[in-house]
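Numbering (our numbering), first residue to last: 1 to 191.
Glycine included, every Cβ here is placed at the ideal spot set by N, Cα and C.
Just so it is clear, the structure is predicted and the values come from calculations on it, not from any experiment.
Contents: one structure, followed by commentary.
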């Protein structure tokens, strides 16, 4: 069975707004490695559109926005090449190496994807991972906590129907002061 891994950047106060984070080379390289070790990515519509808007043109050799540093290009290339499944009932079509999964089919589709051979699956974002957590489909959680208090924005797992009991299996301290903590659900022997 392929594990489903979830990774998200959050501030100390739990804000998940990507604009509240402090990007740096070390974080981008690790994020690219996280994506590269997945056989496919599973995104909700919002995350898919955000990633496509931010990285597709750069990976395809388009104009480089002022905010893009050289060290961001490998991340763009990695996410560009990845197979993507987009959970949406509003999108009619997708491209960018992607296919649509309808909301009613999330559980069946993700269970089937996990049963295929391979290295694993990856997801990100906020709303879809909460739904996947409710279904007990996430095998590994990684929270990259940034040394910042945003004071605004959506927080992680707001409205979850029951607590998630997790066990810490790894921790990585970044030079920036960010800390990546990897957890598995209690009772899981690890990935």
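Residue i versus residue j: straight-line alpha-carbon distance, rounded
| i | j | result |
| --- | --- | --- |
| residue 39 | residue 101 | 17 Å |
| residue 160 | residue 29 | 31 Å |
| residue 129 | residue 41 | 12 Å |
| residue 104 | residue 175 | 42 Å |
| residue 73 | residue 111 | 32 Å |
| residue 14 | residue 147 | 11 Å |
| residue 76 | residue 58 | 7 Å |
| residue 20 | residue 145 | 11 Å |
| residue 67 | residue 78 | 19 Å |
| residue 25 | residue 179 | 15 Å |
| residue 116 | residue 36 | 17 Å |
| residue 69 | residue 163 | 39 Å |
| residue 18 | residue 47 | 10 Å |
| residue 81 | residue 114 | 20 Å |
| residue 169 | residue 143 | 12 Å |
With 16 other Cβ atoms within 10 Å as the buried cut-off, status of residue i
| i | result |
| --- | --- |
| residue 127 | exposed |
| residue 22 | exposed |
| residue 93 | exposed |
| residue 90 | exposed |
| residue 61 | exposed |
| residue 151 | exposed |
| residue 87 | buried |
| residue 149 | exposed |
| residue 12 | exposed |
Cβ neighbours of residue i in the same chain (closer than 6 Å, five flanking residues each side left out)
| i | result |
| --- | --- |
| residue 171 | 181 |
| residue 6 | 123, 129, 138 and 141 |
| residue 132 | 138 |
| residue 107 | 135 |
| residue 118 | 2 and 39 |
| residue 186 | 165 and 167 |
| residue 191 | Note on residue 191: pLDDT 48, under 50, position unreliable in the model; the coordinate value appears next. If we look at residue 191 and ignore the five residues flanking it on each side, its Cβ neighbours are 3, 139 and 140. |
| residue 44 | 87, 125, 127 and 128 |
| residue 120 | 2, 3, 5 and 38 |
Delimiting residues of the beta strand (DSSP E) encompassing residue i
| i | result |
| --- | --- |
| residue 180 | 179-185 |
| residue 170 | 166-173 |
| residue 97 | Element bounds for residue 97: n/a, residue is neither H nor E. |
| residue 2 | From DSSP, residue 2 is part of no beta strand (DSSP E); its letter is neither H nor E. |
| residue 227 | Outside the modelled stretch of the chain, which goes from 1 to 191, sits residue 227, for which no answer is possible. |
| residue 84 | 84-87 |
7 Å CB neighbourhood of residue i in its chain, flanking five on each side removed
| i | result |
| --- | --- |
| residue 96 | 52, 56 and 84 |
| residue 64 | 58 |
Cut-off 8 Å between Cβ atoms - residues of its own chain near residue i, not counting five sequence neighbours on either side
| i | result |
| --- | --- |
| residue 16 | 8, 9, 10, 126, 153, 154, 155 and 156 |
| residue 71 | 25, 28 and 29 |
9 Å Cβ cutoff, residue i in contact with chain D
| i | result |
| --- | --- |
| residue 18 | Although the question refers to chain D, the structure presented lacks it and comprises just one protein chain. |
Closer than 8 Å: residue i CB and nearest the ligand GDP heavy atom
| i | result |
| --- | --- |
| residue 105 | By its list of ligands, the structure shown contains no ligand whatsoever, and the ligand GDP lies outside what it can speak to. |
TODO: Jot down the residue ranges of each uninterrupted alpha helix (DSSP H) in the stretch 15-80, minimum 4 residues, whole runs only, in chain order.
DONE: 25-36 and 45-51
- [ ] May I have a chain-ordered list of the beta strand (DSSP E) segments no shorter than 3 residues that lie completely inside the stretch 114-152?
- [x] Contiguous beta strand (DSSP E) elements confined to the stretch 114-152 occur at 121-123 and 140-146, taking only those with 3 or more residues.
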